[in-house]
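Note that the numbering used here numbers the sequence shown so that position 71 is 65, with each residue one more than the last. Okay, so here's the structure we're looking at.
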Amino acid sequence: MSIRDEIRGVGREILTSEAYQSAMAREHHYNSNVADHSYSVAMTSLKVCKVLNKLHVRTDNRAMIRGALCHDLGLARFRHTYQSGKQCCFQHPVDSVDVAKEILPDINEVEVDIISHHMFPLTIHPPKTVEGYVITYADKYCSIKDFVCIVAGKLRRKKVYA
Ligand SMILES: [Fe+2]
Ligand SMILES: [Fe+2]
């Protein structure tokens, strides 16, 4: 089974939810949206988990997918209520847990840990699980990739590479 099929299967409830659909319309990192970013983070996280699994490190890949797909959904619903970047940084993981609990009544502790601590080390409290640490890496990797694409696109438009 491909990683995309695995995400589609495990994440069906999330991908078809109203919250995820509205996340498609919510711009994120200037050239993406919250839904596409979350999907990229799920893909990257799962790839990292597969490598860890080959190294005999056990991971809850179902929780990894569900947590990754939900980690920023609070941004889509509550972004207009944040007063500052700092408040957004600390509050959106909390709001994302609330949204995830609505979509996933059977949400587990690993999934809550993944969503709650994905902003570490920008926020103080570190994750408690391997999956929580995987998302802190995958989220930063995908965010940096988005910004590199923006900068590369702008440089190309200015013909810096010409
Ligand atoms: Fe986030
Ligand atoms: Fe994110």
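Just so you know, even glycine gets a beta-carbon here, dropped at the ideal spot from N, CA and C.
Thinking C-beta only, is Val93 closer than 9 Å to Gly61?
If you check the CB distance, Gly61 and Val93 do not come in under 9 Å.
Rounded to the nearest angstrom, what separates Ala156 and Ala146 at their Cα positions?
Low local confidence applies: a pLDDT of 45 at Ala156 is under 50, so the model's placement there is unreliable, and no value is given.
Please classify Ala156: does DSSP put it in a helix, a strand, or coil?
In this predicted model, Ala156 has a pLDDT of only 45, less than 50, meaning its place in the structure is not dependable; the value taken from the coordinates is given anyway. In the structure shown, Ala156 sits in coil (DSSP, three-state: anything other than H, G, I, E or B).
Would you mind listing the alpha helix (DSSP H) stretches within the stretch 24 to 102 that are 4+ residues and don't spill past its ends, in chain order?
28 to 48, 55 to 64, 67 to 72 and 79 to 97
Kindly list the residues whose CB is nearer than 6 Å to the CB of Gly5, restricted to its own chain and excluding five residues on each side of it in sequence; keep chain order.
Ile59 and Leu63
Hey, Thr123 and Val142 are a contact pair by Cβ (cut 8 Å); roughly how many whole angstroms apart?
Not really, about 29 Å apart at Cβ, beyond 8 Å.
Hey, does Gln15 have any beta-carbon neighbour from chain D nearer than 9 Å?
Annotation note: the requested chain D is absent from the structure, which comprises a single protein chain.
Answer yes or no: the CB of Cys143 versus the heavy atoms of ligand 2, is any distance below 8 Å?
No, ligand 2 has no heavy atom inside 8 Å of this Cβ.
Closest by C-alpha distance to Ser159, when choosing among Thr130, Leu98 and Asn25
For the chain, the structure presents residues -5 to 156; residue 159 sits outside this window and is missing.
Are three or more beta carbon pairs between the stretch 47 to 54 and the stretch 131 to 139 nearer than 8 Å?
no
Element boundaries [alpha helix (DSSP H), containing Leu9]
Arg6 to Leu9
Compute the Euclidean distance between the alpha carbons of Ser39 and His65, then round it to the nearest angstrom.
12 Å
Heavy atom of ligand 1 less than 8 Å from the Cβ of Ser26, yes or no?
no
Which residues have their C-beta within less than 6 Å of a heavy atom of ligand 2, listed in chain order?
His31, Val35, His65, Asp66 and Asp133
So if DSSP puts His22 in a beta bridge, which residue, or which two residues, is it bridged to?
Ser26
With a threshold of 16 other CB atoms inside 10 Å of the CB of His119, please say whether the residue is buried or exposed.
exposed
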